[in-house]
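>
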Amino acid sequence: MSAPSVDSPSSTRRPLEGITVLELGSRIASVFASGILAEQGATVIKVEDPSGGDVLRTINPFDGPQSLFFAAEDRNRKSVTLNLRHPTGQELFRELANKANVLCENFRPGTMERWHLGPADVNPNLVYARVSVFGQDGPYSERPGLDLLGVGYGGLLYMTGPADQPPVKSSVTISDHITAMFLSQAVTAALYRQRMTGDTSGVVIDASLYGSILRTLEATLAEYAATGIAPARGRSRPFDSAPSGLFETADSAWIAVSGGSDAAFANVARLLGRTQWIEDPLFTSMQSRFENAASLNTVLRAWLKERTSDEAIAQLREFDVPVSRVNSPVDLLNDPHIVARNDLPDFNDHVLGPVRLPAPYPRFASFVAPREGAPTLGEHNREVWGELVGIPNARLDTLKDEGVI
Amino acid sequence: MSQPLEGVRVVVLGELPAGVIAGSLLSDLGAEVIRVSSPRGDDTLAQRPPVVNNASLAWSIIARSSKSATCDIDHEEGAQLLRQLLEQVDVIIESFGPRGLEGYGLNPTTFPAAVVLVRISAYGQDGPYSTYPGDDLTSLAFSGIAHLTGHRGGAPVPLATAIADYLCAVACSQAIISALVGRVESGHGDVIDASLYGAALRITEWAIPAADRLGTNRTREGNFPRNAAPLGVYSSKDDQYVAIVGGTDANFQRLVDAMQDPVISDPRFETPSQRSQQADELNALVRAWAATLTIEELEAKCLASGVPFGRVYTARDLSTDPHFIERGDLTTVEDPSVGPVIQPSPYPLFVGSPTPPPVAPSASGEDNEYVWCELTGLTADELHANESSGRI
C-alpha cells in the first residue's frame with residue numbers, strides 16, 4: 000500500500016483545534032500572537048476591561064463606530080469583559096484560566112502578580128506568555144514603553160533611513176508584530192512539548208519587544224566587533240550586496256531592484272550594457288560589491304531615472320533580476336498577483352460587515368483558515384461566562400451591575 | 000526540562016535565506032537541523048555579507064547549530080540519495096521555487112504522509128508572479144512595508160535588517176511546529192505555502208482596510224504619527240536621538256509633569272483627538288524642550304514622571320548595555336572558521352529552563368558520514384564512492 004499523500008488531506012481539522020487561549024492584550028503584540036494561534040484552530044478569548052476594553056478600539060482611523068486598526072488586529076476571537084482589579088473579577092479569571100491552555104498578556108511586569116493572577120496563582124498547566132518592553136527582569140524591566148522603544152533599543156531604528164537625516168521608524172509597528180510571531184512560535188513549541196512528553200506542566204515565556212528586534216540584527220553586532228564601526232544609516236544593506244536598493248523612475252514611482260547576487264549582478268551588467276563589470280576585480284563577490292556599492296548604484300539609478308516604472312520592471316524581469324514596485328495600499332488592493340492568490344480577502348467584521356484584511360499566513364494545504372472579524376466589547380459574555388465557566392444568568396446580571404464584567 | 004523540539008529532524012534545501020533562518024529558529028528550540036547543499040561548495044548563502052577574512056559572519060549566524068551534508072541533486076543519483084534522506088525526517092524546508100522540487104524528481108505527493116513540508120518562495124507557489132525571483136528587499140517593496148517606511152514627504156527606505164526574511168522565517172517555524180502539534184493526533188503532516196511577501200503584508204495594520212473602506216492610501220508618516228501626539232523621535236541638547244511617548248491621556252499628563260511648561264498644559268491639548276489634530280504644534284514644543292536638555296537629563300526627567308522614554312541604540316550601545324548583559328540577550332559562539340561571533344541569543348526566553356547556547360554551523364559536508372551512513376544507510380564504501388564521483 001502506498002503512503003497517503005500529504006497533498007490530499009484526510010481531514011480539515013486544524014492543528015490547534017481544542018486549544019483555548021486567553022488574550023489579555025492591549026494594542027498589538029499579545030493580540031497578534033493569539034491571532035496567529037486562532038488562524039490555526041485555537042479558540043481565542045479576549046478578556047477586556049468593562050470600562051471600554053482594549054485601547055486599540057479607540058485608535059484612528061475609524062469607519063463609523065469601528066476602529067479599522069482594531070478590526071485588523073483583533074479578528075478571529077471572542078470578547079468577554081472582566082474587571083481584573085476587582086477581587087471577584089480575579090476569582091472569575093482563575094476559573095476561566097482553568098478552562099484554558101494558553102494565556103497571552105502584555106501588562107507591565109509585576110501587574111498580573113499584583114492582581115493575584117501571576118503564573119503561581121492560576122492554572123499550573125498554562126503556557127503563560129508574557130510580552131513587555133524590556134522583559135520580565137533586568138534593570139529596565141519596570142520602565143514604561145511601547146513599540147517605538149522596541150525598535151530603538153533593539154538597534155533597528157538607528158540604522159534605518161537616509162544618511163543625512165535622523166533615523167526613521169516604519170509607520171507600521173515592526174517590533175510589536177515580530178515579537179508576536181516569535182511569541183506564538185514559542186507558545187506552539189511549548190504546546191508541542193506538552194503533547195509529546197505527556198508532561199502537562201505549564202511554562203512561562205518572557206518576550207521583550209527589543210529582544211525580537213535584536214534577534215533580527217543578524218551580523219550587525221559581529222560586524223561591529225570585527226570592524227570597530229557601528230553600522231549606520233545610508234549604506235547598502237550588507238546582505239543585499241549591490242547594485243540594489245529602492246530607486247525612483249522617470250514617472251516618479253519607486254521600485255526595488257535587488258541585483259546583488261552573483262547571477263542577478265551579471266544580468267544587470269548585461270542589461271545596462273556594462274559587461275566589463277563582470278570581470279572587474281572590484282565586483283567579483285557579494286562582499287566586494289557591497290564595499291563598492293556606491294559606484295554600481297549610481298549607474299543603476301541613472302538608468303532607472305530614464306525609464307518608466309513599467310518599462311524598468313519589464314526589462315529587469317526579462318533579465319531575471321529581482322524587482323518589485325514599491326506598492327501602496329491601493330496598489331495592493333488591485334495587484335493581479337494579490338488578487339489571484341486572494342491575499343486580501345473579505346473578513347466578516349461584526350460591526351462593519353465584509354472588510355478586506357491581509358490573509359492568514361502562511362497557507363496550510365490541509366485547511367482553510369477562518370475569516371471571522373473582530374468582536375464587539377463583551378459580545379461573548381453569555382457564551383463564555385455562562386456556557387464555558389458555568390455561571391448562571393442571574394449571577395451574570397449581578398456581576399454586570401457590580402461592574403465586574 | 001527537555002528542549003521543546005527535541006527529537007524533531009529538519010532538512011533545509013534551497014538558497015533563500017528565510018529557509019535557513021527558519022531552520023536556525025527550530026534549532027534554537029532543540030530540533031536537529033541538516034542543511035543539504037551542493038558538493039561543489041557554491042552555496043551562495045555561505046557568501047552572505049558581511050564577510051571578514053573570507054568568512055561570512057552572516058552565514059555563521061543564520062545557519063547556526065545546523066549540520067551540513069552535501070548532495071548533487073542536479074544528478075539523478077544525488078536526487079535519489081536525497082529522497083532516501085527525506086524518508087527519515089519530520090520537516091522539510093525548501094526554497095527551490097514553484098515545482099522546483101518536482102523538477103528534481105522529488106514529488107511531494109510521494110513523501111511520507113507524516114512529513115511537514117514548507118515551500119518558501121518569493122511570490123508563493125501559485126499566481127501570475129510565482130516564477131519571478133525575489134528577496135527581502137523586493138518583498139518589503141511588494142508587501143507595502145517599504146511604502147510605509149521613511150520620513151514624511153521623503154523617499155521610501157528599506158528597514159536596515161532583513162525584516163521580511165525574518166517575518167517569513169518566524170511565521171514558517173511557528174507554522175511547522177503547529178503542524179507537528181496537529182500531527183501528534185492525526186499522524187499527518189502538511190504542505191505549507193509561504194511567500195516571502197505574505198508575512199510582511201500580514202503586518203500592515205490598518206492600511207488595507209482603510210484603503211478598502213475609506214479610500215485612504217496610507218503613506219509614510221515618519222517619526223511622528225498622525226493619530227497620536229506628542230510622540231516621536233527628538234534630538235537632545237547633546238545631539239542624541241531619543242524616543243518620547245506622550246500620546247495617551249495618562250502619558251500626556253506625565254509628560255506635562257516632566258516638562259513643567261505652561262504652554263503644553265493648555266486646554267487645547269486636553270483630549271487625544273485634540274492632540275492629534277495639533278500634532279505638529281505639540282511635537283514642536285517637545286522638540287524645543289528636548290533640545291534644552293542632555294540625553295541623561297531627559298531620561299532622568301522622563302523616568303521620574305513615568306513618561307515612556309527610549310534611546311536609539313547603536314551596535315556599540317547594544318554590546319555594552321547592562322540590561323542586555325543581565326538578561327543574556329547576546330551570545331558569543333566560537334566558530335572554527337571565523338573565530339568568536341557575537342550574535343543574538345535564542346529568543347524569547349523560557350523562564351526557568353534556559354536554552355542551550357547555539358553552536359557554529361558545520362562546515363560544508365562535515366556531517367556526511369552521519370547523514371548518509373547513519374541516517375540513510377549507505378556503507379562507508381558507498382559514501383566514499385559517491386564522494387569520489389562528486390555526488391556527495
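Residue numbers (numbering that gives the first Met the number 0), protein chains in the order written: chain A, 0 to 404; chain B, 0 to 391.
Beta carbons are placed, not taken as given, at the ideal position from N, Cα and C, and that holds for glycine.
Quick one: is S7/A buried, meaning 16 or more other Cβ sit within 10 Å of its Cβ, or exposed?
Here S7/A scores only 41 on pLDDT, less than 50, and its place in the model should not be relied on; the value that follows carries that caveat. It counts as exposed.
> Go ahead and label M180/A buried or exposed: buried means 16 or more other beta carbons lie within 10 angstroms of its beta carbon, across all protein chains shown.
It is buried - the Cβ of M180/A has at least 16 other Cβ atoms within 10 Å.
> Exposed or buried, what is T178/A when buried is set at 16 or more other beta-carbons lying within 10 Å of its beta-carbon?
Looking at its Cβ environment, which holds 16 or more other Cβ atoms inside 10 Å, T178/A is buried.
> Kindly indicate if chain A contains any beta-carbon less than 8 Å away from that of Q342/B.
By this cut-off, Q342/B is an interface position.
> With 16 as the cutoff for other CB atoms within 10 Å, does V358/B come out buried or exposed?
Answer is exposed; the Cβ neighbour count stays below 16.
> Can the beta-carbon of V43/A be found less than 8 Å from the beta-carbon of N75/A?
In this structure, N75/A lies closer than 8 Å to V43/A by Cβ.
> What residue ranges within the segment 37 to 89 of chain A form continuous alpha helix (DSSP H) runs of no fewer than 4 residues, ordered along the chain?
Listed in chain order, the complete alpha helix (DSSP H) runs (minimum 4 residues) inside the segment 37 to 89 of chain A are 67 to 72.
> Along chain A, in chain order, which residues have C-beta atoms closer than 7 Å to that of S172/B?
Q184, listed in chain order.
> What's the C-alpha gap between D250/A and T137/B?
Answer to the nearest angstrom: the Cα atoms are 19 Å apart.
> Mind pulling the chain B residues with CB within less than 8 Å of M195/A?
The answer, in chain order, is G6, V183.
> If you check the beta carbons only, do V130/A and S50/A fall under 8 Å apart?
No, the pair does not count as a contact, with Cβ atoms beyond the cut-off.
> Residues of chain B with CB closer than 8 Å to the CB of A189/A, please, in chain order.
In chain order: P3, F349.
> Using a Cβ distance threshold of 8 Å, determine whether the segment 257 to 273 of chain B contacts the segment 207 to 215 of chain B, with at least three qualifying pairs required.
Because the criterion of three Cβ pairs below 8 Å is not met, the segment 257 to 273 of chain B and the segment 207 to 215 of chain B do not touch.
> Tell me the residue span of the alpha helix (DSSP H) that contains N282/B.
Element bounds for N282/B: 278 to 289.
> Are there three or more Cβ pairs, one per stretch, closer than 8 Å when the segment 223 to 234 of chain A is compared with the segment 188 to 203 of chain A?
With the cut-off at 8 Å, the segment 223 to 234 of chain A and the segment 188 to 203 of chain A do not touch.
> If we ignore side chains and look at the alpha-carbon of each, how far apart do V322/A and Q275/A end up?
Using only the alpha carbons, I get a separation of about 23 Å.
> Taking the C-alpha atoms as reference points, what is the distance between Y360/A and T218/B?
About 23 Å.
> Kindly give me the distance between the Cβ atoms of G18/B and I119/B, rounded to whole angstroms, as I take these residues to be in contact under 8 Å.
Yes, G18/B and I119/B are in contact; Cβ-Cβ is about 5 Å, under 8 Å.
> If I measure Cβ to Cβ from N222/B and keep anything under 8 Å in the same chain, skipping five residues before and after, which residues do I get?
Cβ within range, chain order: H150, G231, V232.
> By Cβ distance, which residues of its chain are closer than 7 Å to S207/A, with the 5 residues on each side in sequence left out?
Cβ neighbours of S207/A beyond the five flanking positions: S131, V132, F133, G134.
> At what residues does the beta strand (DSSP E) containing C103/A begin and finish?
Where C103/A is concerned, the enclosing beta strand (DSSP E) stretches over 101 to 104.
> Give me the chain A residues within the contact set of Y103/B, using Cβ-Cβ distance strictly less than 7 Å, ordered along the chain.
None at all; the shortest Cβ gap to chain A is about 17 Å.
> Terminal residues of the continuous beta strand (DSSP E) containing S194/B?
Here the beta strand (DSSP E) through S194/B covers 189 to 194.
> Write down the C-beta distance between G24/A and N105/A rounded to the nearest angstrom, noting that I regard them as a contact closer than 8 Å.
G24/A to N105/A, Cβ: 5 Å. Contact.
> Is the Cβ-Cβ distance between F110/B and L81/B less than 8 Å?
No, the pair does not count as a contact, with Cβ atoms beyond the cut-off.
> When the distance is taken between beta carbons, is D175/A closer than 8 Å to P347/B?
No, the Cβ-Cβ distance between P347/B and D175/A is not below 8 Å.
> Interface residues of chain B around L271/A at Cβ under 9 Å?
By Cβ distance, chain B contributes nothing, its closest Cβ being about 18 Å from L271/A, past 9 Å.
> Note the first and the last residue of the continuous beta strand (DSSP E) segment covering S67/B.
It spans 66 to 69 - the beta strand (DSSP E) in which S67/B sits, taken as one unbroken run.
> Below 8 Å on the Cβ atoms is my contact criterion, and I expect D334/B with S59/B to pass it. Report the Cβ-Cβ distance as a whole number of Å.
Confirmed, Cβ separation roughly 5 Å.
> Whole angstroms is fine: what's the gap from L461/A's alpha carbon to G88/A's?
No statement about residue 461/A is possible, as the shown extent of chain A runs from 0 to 404 and does not include it.
> Let's see if you can read the secondary structure: which residues bound the beta strand (DSSP E) around F246/A?
First-last of the beta strand (DSSP E) with F246/A: 243 to 247.
> Measure the alpha-carbon distance for L100/B versus A78/B and round it to whole angstroms.
If I take the Cα positions, the gap works out to 10 Å.
> What residue range does the beta strand (DSSP E) around I175/B cover?
Element bounds for I175/B: not the beta strand (DSSP E) but the alpha helix (DSSP H), 162 to 185.
> Going along chain A, which residues have a C-beta under 9 Å from D265/B?
Per Cβ cutoff of 9 Å: no residues; D265/B is ~22 Å from chain A at best.
> Can you find at least 3 beta carbon pairs, one from the segment 302 to 310 of chain B and one from the segment 241 to 255 of chain B, that sit closer than 8 Å?
Segments in contact, yes.
> Could you pull out every residue in the same chain whose Cβ sits closer than 8 Å to the Cβ of E305/A, ignoring the five residues on either side in sequence?
Excluding residues within five positions, the ones whose Cβ falls inside 8 Å are A249.
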